[in-house]
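Position one of the sequence shown corresponds to residue 41 (my numbering), numbered consecutively onward. Just so you know, even glycine gets a beta-carbon here, dropped at the ideal spot from N, CA and C. Keep in mind the model is a prediction, meaning the values are calculated, not measured. Down below is the structure, laid out as structure tokens.
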Amino acid sequence: MRIWLIILLFWPLVAPGDTGGAKPGAEAAQQEPPDDPSLGWVDSGVVYATDQVQALTVWMDDFFGDPTYDLEQPDSLLRIDWENSWDEQRSYKARVRLRGKLQLPKISKRLNLVFSGEDGDKLGADDRNEKTDVVGLQYSLGELDRSRIDLTLDAGTWDLRPGVRYRNQGPLSQHAGYRYTQQVEYKNSDGFYTTAELNLDRVLNEDSLLRWSNEVIYGEETDGVEWRTRLSLDQRQRPAHKKHQFVIGYFASIQGETDPRYVQNYRIGVTLRRQVYRPYFFVELEPSYNLRRDSVDQNRSNAWNFIARFELVLQPELMRQLKKTLKNAAP
41 MRIWLIILLF WPLVAPGDTG GAKPGAEAAQ QEPPDDPSLG WVDSGVVYAT
91 DQVQALTVWM DDFFGDPTYD LEQPDSLLRI DWENSWDEQR SYKARVRLRG
141 KLQLPKISKR LNLVFSGEDG DKLGADDRNE KTDVVGLQYS LGELDRSRID
191 LTLDAGTWDL RPGVRYRNQG PLSQHAGYRY TQQVEYKNSD GFYTTAELNL
241 DRVLNEDSLL RWSNEVIYGE ETDGVEWRTR LSLDQRQRPA HKKHQFVIGY
291 FASIQGETDP RYVQNYRIGV TLRRQVYRPY FFVELEPSYN LRRDSVDQNR
341 SNAWNFIARF ELVLQPELMR QLKKTLKNAA P
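Structure representation (structure tokens):
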């Protein structure tokens, strides 16, 4: 309830006529590069998205709602997720999450109000932290070439979390690219901690993307170094210009820590994500098989997990398209 009240309070500060930013779905990969050589800090944020080498990578990040991608768009964007999880060992869980950001141009074009039900660029639904109602501010210090620096201030249930975030991304070759993110934060309860994330992407063809994702967390209260690694293959099933896009992703991930040193979980699964009815509504199904070890003293056990997720995307450009469609359909 607190998040919805904050949205209502800050919504008048969001520019209603904002037209910037990458469009969800296939349109994100089809934007033309800006012609103006004197790009501002906002415009430069979409240059990477217009690179033909990285077009499929950007399309996949947009389609799956990658947190890092969403937070760097020069446009307000909110995702409302209703997630249902069935697990052999952990029973049934359901939750509603709000992710994304609202621009506050009437205060500053560099300032965004950020909503997050998870921390960082997570490597899969089963690996996501179950923290909700995280609201924060993000202030961009600027962007130069491949790098970007943001100041962050998150508000949890009982504490404030000031921090700084650095991102560097770009192409490695004609068919490969990378994204590296480093964030340092301070929590009242946990002290200082840092999160490093590295994605290596390889475009196999115009519809297939191979990604190797890695995350390392280290802080005053972590169990040594907490790490995750994930290999995924995402395949677009319909041409980019078609409606009702459908993607099948295959993945395998490993999660562990170093104090004590052991692997907590081996996980393999499939993700099926599809646009239904309208371009702003998504349905996602994710069955997976896990080999878990809850502590170093316990034996490893296996468990099936199934997740059904329903997602609504709220973005000014999509709302304008909806109004135009309704107007044309009116008698």
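Cβ contact annotation for L244 (same chain, cutoff 7 Å, sequence separation greater than five): L250, in chain order. Only residues of its own chain outside the window of five on either side were considered, and among them R207 have a CB closer than 6 Å to the CB of R188, listed in chain order. Here Q223 carries a strand assignment [DSSP, helix/strand/coil]. About 33 Å separates the CB atoms of R333 and F322; that is not less than 8 Å, and the two are not in contact.
Short of 7 Å from the beta carbon of L191, and not among the five residues preceding or following it, lie these beta carbons of its own chain, in chain order: Y179, L181 and V204. Going by beta carbons, L138 and L144 fall outside the 7 Å limit. Fully contained in the segment 208–273 are the following beta strand (DSSP E) runs of length 3 or more, in chain order: 216–227, 231–245 and 248–259. Going by DSSP, L138 is part of the beta strand (DSSP E) stretching over S131 to Q143. Per DSSP, P107 lies in no beta strand (DSSP E) segment; the continuous alpha helix (DSSP H) that holds it begins and ends at P107 to L111. For W99, the enclosing alpha helix (DSSP H) stretches over residues A95 to F104. Here N228 has D199 as same chain residues with Cβ atoms under 6 Å from its own Cβ, once five neighbours each way along the sequence are excluded. Listed in chain order, the non-local C-beta contacts of D263 below 7 Å within the same chain comprise E297 and D299, local neighbours out to five positions each way being set aside.
With respect to the 7 Å criterion, W252 and L271 are classified as neighbours on the basis of their beta carbons. Membership of Q178 in the beta strand (DSSP E) is indicated by the continuous run V174 to L184.
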